[in-house]
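See structure below.
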Amino acid sequence: MKASGKKILVTGADGFIGSHLTEALVRRGYSVKAFVLYNSFNSWGWLDTLPQDIKNSLEVFTGDIRDPHGVKTAMQGCNTVLHLAALIAIPYSYHSPDTYVDTNVKGTLNILQAARELNVEKIVHTSTSEVYGTARFVPITEEHPLQGQSPYSATKIGADQLAMSFHYAFGTPVTIIRPFNTYGPRQSARAVIPTVITQIASGKRKIKLGALHPTRDFNYVVDTVRGFIAAAESETAIGEVINIGSNYEISIGETVKLIAEVMGADIEIVTDEIRLRPVKSEVERLWADNTKARKLLTWEPLYGGKDGLKKGLLDTVAWFTKKENLVHYKAEIYNL
Numbered sequence: 005m006k007a008s009g010k011k012i013l014v015t016g017a018d019g020f021i022g023s024h025l026t027e028a029l030v031r032r033g034y035s036v037k038a039f040v041l042y043n044s045f046n047s048w049g050w051l052d053t054l055p056q057d058i059k060n061s062l063e064v065f066t067g068d069i070r071d072p073h074g075v076k077t078a079m080q081g082c083n084t085v086l087h088l089a090a091l092i093a094i095p096y097s098y099h100s101p102d103t104y105v106d107t108n109v110k111g112t113l114n115i116l117q118a119a120r121e122l123n124v125e126k127i128v129h130t131s132t133s134e135v136y137g138t139a140r141f142v143p144i145t146e147e148h149p150l151q152g153q154s155p156y157s158a159t160k161i162g163a164d165q166l167a168m169s170f171h172y173a174f175g176t177p178v179t180i181i182r183p184f185n186t187y188g189p190r191q192s193a194r195a196v197i198p199t200v201i202t203q204i205a206s207g208k209r210k211i212k213l214g215a216l217h218p219t220r221d222f223n224y225v226v227d228t229v230r231g232f233i234a235a236a237e238s239e240t241a242i243g244e245v246i247n248i249g250s251n252y253e254i255s256i257g258e259t260v261k262l263i264a265e266v267m268g269a270d271i272e273i274v275t276d277e278i279r280l281r282p283v284k285s286e287v288e289r290l291w292a293d294n295t296k297a298r299k300l301l302t303w304e305p306l307y308g309g310k311d312g313l314k315k316g317l318l319d320t321v322a323w324f325t326k327k328e329n330l331v332h333y334k335a336e337i338y339n340l
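So that you can map any letter, position 334 of the sequence shown is 338 in my numbering, and since no number is skipped, the others follow by simple counting.
This is the structure:
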């Protein structure tokens with residue numbers, strides 16, 4: 005798929021990854037409709053912070069992914085849908101699981117139903133590495149068993165399975181991409197990297213965190229966005245599930261040390277009990293095999309390995325430490 009004459013709907017365009025993806029698509033020449041969550045403030049989320057020329061190039065649709073009528077209206081006239089809208093905070097899913105079913109499962113169903121009725125050319129559905137649970141083998145391939153260790157991951161498994169069921173049952177042109185832990189500018193402080201950065205940037209040296217031993221495969225947002233666009237443009241990815249990961253494993257504790265090094269800060273880590281997941285819910289190990297992405301999408305990380313992670317952290321820290329950006333965050337409050 006080439007940019008000329010193609011219109012793309014991005015759901016969740018107001019969020020962290022969605023705003024970066026929306027901006028990148030406009031810069032590539034696509035006609036983009038941005039689906040943002042309706043609110044009485046008329047806020048477009050992070051899209052409000054984009055350069056004016058990018059905002060002038062967007063068609064913005066305010067609605068709710070849980071509303072099938074609004075979803076179908078938003079999708080009319082679009083060739084491709086990049087579906088990112090979801091509730092993603094794992095701690096919040098422990099006490100409000102109903103909202104995750106409504107948003108992640110029913111919201112995805114609304115996209116799929118409308119795509120079927122409107123004969124949309126391609127759906128790129130967003131999964132998550134959390135669907136694998138604690139790795140049973142590494143690196144994790146797309147054939148790894150799925151295990152919902154939190155209500156959040158369970159609803160994402162349900163959404164993934166719905167998407168594939170529509171492909172098998174109705175021929176709906178679905179591609180599922182499964183990003184591992186994305187980080188970068190604009191990320192919510194509910195994630196570990198911005199949590200550490202915002203605490204240090206706010207002058208704190210006793211850093212409150214949860215478990216430090218789990219490992220993750222961190223991906224700079226530029227690489228994740230490149231994966232979405234590659235999936236949208238690919239002629240070979242329909243009906244496939246594809247990991248987007250760096251193929252580099254690092255513990256939370258080592259990541260925190262790397263952030264402190266980048267920021268030139270001498271810190272002490274304090275375990276905050278409220279930030280710990282229930283023992284059996286903690287995903288202990290994630291490490292992506294990205295062979296399939298390299299083969300089908302000709303995608304590979306630009307920020308791979310420890311050097312790539314450090315490079316991405318430098319860019320992330322530079323963004324968060326600007327006063328106009330840090331003001332959006334409440335470092336003193338634990339963000340579910």
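Glycine is no exception: its CB is placed at the ideal position from the N, C-alpha and C atoms.
Backbone secondary structure at residue i - three-state DSSP
| i | result |
| --- | --- |
| N123 | coil |
| E63 | strand |
| T259 | helix |
| N1 | Because residue 1 is not part of the residues shown, which for the chain are 5 to 340, the question remains open. |
| N329 | helix |
| K210 | strand |
| K10 | coil |
| T130 | strand |
| A193 | coil |
| A264 | helix |
| V229 | helix |
| T53 | helix |
| V135 | helix |
| T159 | helix |
| R31 | helix |
| R281 | coil |
| I254 | strand |
| I58 | helix |
| I144 | strand |
| P177 | coil |
| I242 | coil |
| S47 | coil |
| K334 | coil |
| G309 | helix |
| L340 | coil |
Nearest-angstrom beta carbon gap, residue j and residue i [assumed within contact, 8 Å]
| i | j | result |
| --- | --- | --- |
| T176 | A119 | 6 Å |
| M308 | S250 | The displayed chain sequence assigns Gly, not Met, to residue 308. With 8 Å as the limit, G308 and S250 qualify as a contact, their Cβ atoms being about 5 Å apart. |
| P218 | E286 | 6 Å |
| A89 | G16 | 4 Å |
| V229 | I181 | Between I181 and V229 the Cβ distance is about 11 Å, and since that is not below 8 Å, they are no contact. |
| L122 | Y136 | Not a contact, Cβ separation roughly 32 Å. |
| S157 | T132 | 7 Å |
| E134 | S154 | 7 Å |
| A292 | F184 | 5 Å |
| I263 | L317 | 6 Å |
| D18 | V40 | 4 Å |
| T202 | A193 | 5 Å |
| L91 | Y104 | 5 Å |
The ligand HEM heavy atom lying under 8 Å from the CB of residue i
| i | result |
| --- | --- |
| P143 | The model on display carries no ligand, and the ligand HEM is accordingly not part of it. |
Between the CA atoms of residue j and residue i - distance to the nearest angstrom
| i | j | result |
| --- | --- | --- |
| P95 | T130 | 20 Å |
| K11 | F141 | 40 Å |
| I271 | E304 | 34 Å |
| K261 | R279 | 18 Å |
| A335 | F324 | 12 Å |
| L116 | S97 | 23 Å |
| A93 | A235 | 25 Å |
| D106 | I161 | 14 Å |
| V243 | K212 | According to the sequence as given, residue 243 is Gly; it is not Val. Looking at the two C-alpha atoms, the distance is approximately 42 Å. |
| N83 | A205 | 43 Å |
| L301 | N247 | 11 Å |
| L54 | S61 | 11 Å |
| R209 | I254 | 22 Å |
| K326 | T320 | 10 Å |
| G152 | S44 | 34 Å |
| A241 | D311 | 30 Å |
| H24 | T275 | 32 Å |
| K59 | P72 | 26 Å |
| M79 | I273 | 47 Å |
| W50 | G111 | 21 Å |
| Y100 | G268 | One detail in the question is off: residue 100 reads as Ser in this sequence, not Tyr. If you take the alpha carbons of S100 and G268, they lie about 38 Å apart. |
| V200 | V266 | 12 Å |
| D52 | G22 | 13 Å |
| E277 | N329 | 28 Å |
Counterpart residues of residue i in DSSP-defined beta bridges
| i | result |
| --- | --- |
| N185 | F222 |
| L41 | G67 |
| E272 | K210 |
| V321 | Paired residue(s): none; V321 is not in a bridge. |
| N247 | R182 |
| I204 | Looking at the DSSP assignment, I204 forms no beta bridge with any residue, so it has no partner. |
| T15 | F39, H87 |
| R289 | T219 |
Cβ of residue i within 9 Å of any chain B Cβ
| i | result |
| --- | --- |
| V14 | As a matter of chain content, chain B is missing from the structure shown, which is built from one protein chain. |
What beta strand (DSSP E) runs, 3 residues minimum, are completely inside the stretch 73–116?
Entirely contained in the stretch 73–116, the beta strand (DSSP E) runs reaching 3 residues are, in chain order, 84–87.
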